[in-house]
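Protein chains in written order, with this note's numbering: chain A, -9 to 526; chain B, 65 to 407.
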C-alpha cells in the first residue's frame, strides 16, 4: 500500500551491500577481540562473576534441605559455596587470559598454575585421611584438563579467525567422513543388542532398555522433525499424538481379543494422523507464538481428557495388561510354543528386549526413509518452501493449508507408531507418561540436533536421553566427592550442557542443510541462510 | 464496459489490442482499508501478448491493485476477469458472474473471476504469476530448488500426490527430470546456470531479481505480474531486464503487467501504460500518448505554475488548494497537488 510502494534500496538490498554481506558470510567468524590484556580489568570482571555466582549459588549450593525428625530442616554448606565461588573466580581469570583477551604467555601461565593449585587445594582440604593422594592427583588432573580445554579453544579460535572459507577438498572430505560415520552408526545400531549382550553380560537388560528408550526418542524426534524442522511449524504438543497412539493400541487390544500389536500399529498411526488433522485445522491460521501456545494447549487437553474420562481410559489408573508383541505368532514366554522353545534355544528374558529393540529400530528406519524420500518429493520441497516464505509459496500456486495439514498428519502418524510401541513395551500406560516435559524433551532433541537434520536428531537423542541415564549411574563420582550425589545434580548439569550448546551452536549440532535436488555439484547450505519458520 | 477506458480510448484514433483482446480486465475495482481508499473505482484492460505498465507516484495504489489481482487482498468492490483463449468472451463472463462460480472453462477458453478466488488458486488455475517488490525467494534453498518449488502442482500430480513418489514409480522420476530441464532452460535464460546449486540467499541483488522472474515463469503463467522488477538495478542490469521481458512476451506469448518507476524501462518496452495517482486512473494509452499527457506530467513533476497546465478543473483545484494552504499559514504553496484524486 501507500508506504511500502517505495523500493528505496537499503544497505542490504543494494548490489554492493548484498555482495558485502555475502562475502562476510563466506569468510566466516568475526575477528578476535584484540583489546590488550589488563590484570586489573581481568581481576575486576572475575570478581563480578564470582559475586554473581555467590548470590546464585547461595540458594542452589549453599542451602540444603534435609529430612529431620518432625519435618525438613535447612542446613548450610558454606564450604561448598566457597568452592563454587572460587571455581568461578579462577575459572573466569583463566578465560580472561586465554579466550577473552590474547594475554602474554606469562600471565597465561600464572593464571593456569593458580587455577590448578586452587583445584588441588580444594580437593585435598575437604576430607583428610585415607584417599588424600588419590584426591590430590584427581584434583591436578581435573585442573590440567580444564586448562587444556581452554587452551585448545583459544588455539582453535585463533586459527578460525585467520582461516578463510574451507576449500572444496576439505568440504568433500568432510562429506565423505559424514557418510562413513552414518554407515558405521547404522551398523553399530543394527548389531547393538549383540554387542551389549556380549560385552555387558551383567547389566545387559538395563543397557538394552536404555538403547530402546533412545531409539524411541530418535523416532519421535524424526517424526517431529517433519513438522518443526521441515515445515517450520513449532509444535509444543507433539506428545498428544504419542498418547493417542499409545491409548489407541491399549484400548483396541484390551477390548478386542483379535487385535495384537501388528494389527493395532497401523490403526494407531491412522488415528494419530486423524488427530493431527483435527489439530491442524484450527491452528492453520495462527502464526508464530500463537501457534506454539495452541499446540501446547492441545497436548494438555488430550492428557486431561485421558485423565478424566474414567469410564473409557481408566483415568489415573491407566490401562494395564497390554499384550506384548509377537514374532509371527510366537510369544516370548517360557515353555511350550514360546520363541525359545520353537527355535530350541534356552529361554532368556533378554530375547524379548532384543526383539523390542529391533521393532523400534525398524520403525525408526522407516520413519527416516520416508522423511528422506518426502524431502525429495514436491510435498517435502513445499514444506521447506513454506518454512522459508509462506507468501511466496501461495504466489506459486501451492495450497498452504493442505501442505501444513499433511505435515501435521504425517508427523502425528509417526508419533502414533512410537506411542503404540511405547504401550507394548511398558505393558501399562497412564496419562502420567504424556506430560508436557515429554513434548519439551522431543522438541529439545530436534532443536539441539539442528532443525531438519536427521543425523542431528540421532546425536541429540543419544546425548540427551543417554546422558541423563549416564548421570544416573555415576557411582565413581561418589568416591571422589563423598557427600555429593551427582544424581541430584543431573538436571542442573543437563541444563548447563544445553545452555552451552545453544551458545556454542545456536542453530543445533548439525547446522547445514542438504539440497533436495542437484544439477551439478551438491553444496551444503549454511544455517544463516535457512529460515526457521513459525514461532522460533 | 468500463466507461473510463472508453473515454480514454475515444481520444486515440485506432482501437487498441487491450480493447479487442484483453487477457485481464479490471472493472470498477475499489479497495478500502478502513477509511482510506487505496484504489477507487479503477478500470483498465491488459492486452493479450502486451507488456502493460502500471505507473504512478509513490502511494498511488499500484501494489494494492497487484495484490487484488493476485488474490492477496480481497477487493472491496469490483470485478477482475482473467481470460484464457482469444476474445472478450463477454457471454461467458456474464454467465460466470451470474452463476456465483469462480471460473468456467469452455471449448475456446476459460473465464476466471479473480476476486472470488483464493491466492494460490489464481496462480494454479488462472495462471497468473507474480513477483514481489521486496524479493521473496526461498533463501535457504538452492536456485534450482526455488525453480522446482514453482513447478509444485504438475510435480504433485506426477508423484501421484506423494504416494507414487514414495514408492519410487518411474513416472515421477521422468516428471522430475523434465522439471529440472525446464528449470535449466530458465536458468540459462537469466544467466544463473552456473549458480544453480548455490543457495538463493547468497546471490547478489540483481541476480535475485532475475531468479524471482525465472521462478514465476516456471509456473507456466499466461500473465506475469512484476512489482518493480528494475528497482535497485544498475543501467546494464535494467537493459538486460528489458531484453528478458521482451523475450518472455515474444517467445512465450506471456502477457506482462508491471509496476515500475524506472521510466527508461517503462517507455522502452511497454505497449500500453496505465497511470494511477491516489488510487484513481489518470491516464491510459500507449507510451507516446501517456508521455505527453498533461495530467501525467502534473502528477509526476508537480505543478509549479498553473499556467503550464491548461485544464480548467486542474487550475481550479490548484487555486483551491493554494487558498487552503495559505489559510493554514503554510508558506510553501508549491506542494504536489492531488489533481486526479480530488474528484
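Beta carbons: idealized from backbone N, C-alpha and C, even for Gly.
For residue i, three-class secondary structure by DSSP
i             : result
residue 517/A : coil
residue 345/B : strand
residue 86/B  : strand
residue 428/A : helix
residue 282/B : coil
residue 152/B : coil
residue 335/A : coil
residue 304/A : coil
residue 156/A : Any reading at residue 156/A must be qualified, since the residue scores a pLDDT of 45, below 50, and its modelled position is unreliable; the value itself is stated next. Coil at residue 156/A, not helix or strand.
residue 109/B : strand
residue 457/A : helix
residue 281/A : helix
residue 61/A  : strand
residue 270/B : helix
residue 257/A : helix
residue 88/A  : helix
residue 192/B : strand
Cβ pair residue i, residue j closer than 8 Å
i             : j             : result
residue 175/B : residue 285/B : no
residue 121/B : residue 341/B : yes
residue 202/B : residue 379/A : yes
residue 251/B : residue 290/B : no
residue 106/B : residue 270/B : no
residue 93/B  : residue 145/B : no
residue 224/A : residue 281/A : yes
residue 521/A : residue 497/A : no
residue 89/B  : residue 335/B : no
residue 320/B : residue 365/B : no
residue 312/A : residue 240/A : yes
residue 137/A : residue 105/A : yes
residue 289/A : residue 226/A : yes
residue 398/A : residue 191/A : no
Expected contact under 8 Å - CB spacing of residue i and residue j to nearest Å
i             : j             : result
residue 360/B : residue 375/A : Not really, about 40 Å apart at Cβ, beyond 8 Å.
residue 264/A : residue 353/A : Incorrect: roughly 19 Å between the Cβ atoms, too far for contact.
residue 412/A : residue 206/A : 6 Å
residue 331/B : residue 351/B : 5 Å
residue 436/A : residue 219/A : 6 Å
residue 183/B : residue 134/B : 6 Å
residue 218/B : residue 187/B : Actually they are not in contact, since the Cβ atoms of residue 218/B and residue 187/B sit about 13 Å apart, beyond 8 Å.
residue 432/A : residue 214/A : 5 Å
residue 208/B : residue 260/B : 5 Å
Buried or exposed by the 16-neighbour rule on C-beta atoms within 10 Å, applied to residue i
i             : result
residue 327/B : exposed
residue 188/A : exposed
residue 382/A : buried
residue 165/B : exposed
residue 244/B : buried
residue 381/B : buried
residue 478/A : exposed
residue 506/A : buried
residue 14/A  : Confidence at residue 14/A is low in this model, with a pLDDT of 49, below 50, so its placement is unreliable and the value that follows should be read with caution. Residue 14/A is exposed by the Cβ-count criterion.
residue 245/A : exposed
residue 299/B : exposed
residue 151/B : exposed
residue 211/A : buried
residue 126/B : buried
residue 114/B : buried
residue 174/A : exposed
residue 138/B : exposed
residue 273/A : buried
residue 378/B : buried
For residue i: DSSP bridge partner residues
i             : result
residue 336/B : 116/B
residue 96/B  : 101/B
residue 66/A  : 53/A
residue 91/B  : 143/B
residue 167/B : 176/B
residue 317/A : 320/A
residue 263/B : 206/B
residue 291/B : 323/B
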